[in-house]
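Following the numbering used here, the numbering of the sequence shown begins with 2 at its first residue and continues without gaps.
See below for the structure under consideration.
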Amino acid sequence: NVTDATDSLQDTRDVAWSEALRNAAKALTHDLEVEAVLDRLAGAVRTMARSDEGAVLLIDGDKAHVVRTYRGMEPAVSPRETRSYHLGDGILAQTAAERRPVLASGAQRQQTQASSTDVANRRSLLTVPLCAGDAILGFVAVASRRPDAFSSRNVRELEIIASLAAAALQNARLFESLRRERDRLMALASIDQQILAMSDSPQTVIRAMLGHAVRLLEAPKGLSILLSDDAPKVVHTYGLNHDASVKALV
């Protein structure tokens, strides 16, 4: 009968939803690279939300930077130009303050100043915070040309995705930080061995130390100064070709 057919269709949808959610969870926890996590997040949002367009934004200070966008079923991409939005007002500020999804449509969308996001010029807009503990890492924003396009189920789906993504993003950032520290320590150990192996004059050792320090710190300029009884003496420079530049740096 009609009731049984409806129940069967709902069961099918529930199974499909659960499978999509499991796939999204696996995808988000598969990588420990920040860029890969962002790619997978945008892909999961596009699949689950079925929106016309969407964006992923990350918070840095008092701004949210757009790091991924998509339209329709096109692959998510990094914006060619950096676009940032202040968090002082608008729907992003509301989402951050309330730490929960904010759904706006029609007149309500205008009241919440939804134009503060890249996907705002639509009749329906949903923003979801990326919360990791007490911190808000960023937002997911999806939009549709249709009014009232997003149901409570869509909100719940994106909230789950956002929670998984925030944890994955935090882990990826920690992993990258640890990897940079490991690389730095390995570089220092290598420099130490190279310097100890030198049998040249002190001037050669000092020049080598300066070169290694500049490369390790990714500094554009540098100099070596020896202290003496008379006055400090510049003995080697890097990226400085004139005495005036050396004096200015000192």
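The C-beta atom is built at its ideal place from N, Cα and C for all residues, glycine as well.
Quick caveat: nothing in here was measured; it's all calculated off a predicted structure.
Its Cα nearest to that of Arg84, the residue Lys64 stands out among Asp184, Gln95, Arg100, Lys64. For the pair Ala50 and Ser125, the Cα-to-Cα distance works out to about 12 Å. Of the candidates Pro233, Ser191, Val78, the residue whose Cα lies closest to the Cα of Leu217 is Ser191. Per the coordinates, the alpha-carbon of Ala220 lies some 53 Å from the alpha-carbon of Asp149.
In chain order, Ile192 place their CB closer than 6 Å to the CB of His213, counting only its own chain and leaving out the 5 sequence neighbours on each side. Counting only residues of its own chain and dropping the five nearest sequence neighbours on each side, Gly223 has a CB closer than 6 Å to the CB of Leu211, Val215, Tyr239.
Contact check for Val143 and Val46: beta-carbon distance about 6 Å, within the 8 Å limit, so the pair qualifies. Beyond the five residues adjoining it in sequence on each side, Ile137 comes within less than 8 Å, by CB distance, of Ile60, Ala97, Arg100, Pro130, Leu131 in the same chain, given in chain order.
If you draw a 10 Å sphere on the C-beta of Asp231, you find fewer than 16 other C-beta atoms in it, and that means exposed. Taking a contact as a CB-CB distance under 8 Å, the pair Ser225 and Val236 counts as one, their CB atoms being some 5 Å apart. Annotation note: the segment 167-249 contains the following uninterrupted alpha helix (DSSP H) runs of length 4 or greater, listed N- to C-terminal: 203-218. In this structure, Leu227 sits near Ile207, with a CB-CB distance shorter than 9 Å. Within a 10 Å sphere around the beta-carbon of Ala77 sit 16 or more other beta-carbons, which makes this residue buried. Beta-bridge analysis with DSSP links Ile137 to Cys132. DSSP lists no bridge partner for Val156. Look at Glu54 here: in three-state DSSP terms it is strand.
For Met74, the closest alpha carbon among the candidates Leu127, Gly89, Glu54 is that of Glu54. Secondary-structure assignment with DSSP links Asp61 through a beta bridge to Lys64.
Note that the C-beta distance between Pro102 and Thr128 is below 9 Å.
For Leu104, the three-state secondary structure derived from DSSP is strand. Inter-residue distance for Arg185 and Ala173 is about 18 Å (C-alpha atoms, whole angstroms). Inter-residue distance for Leu93 and Arg123 is about 16 Å (C-alpha atoms, whole angstroms). Note that the C-beta distance between Ala133 and Gln95 is not below 9 Å.
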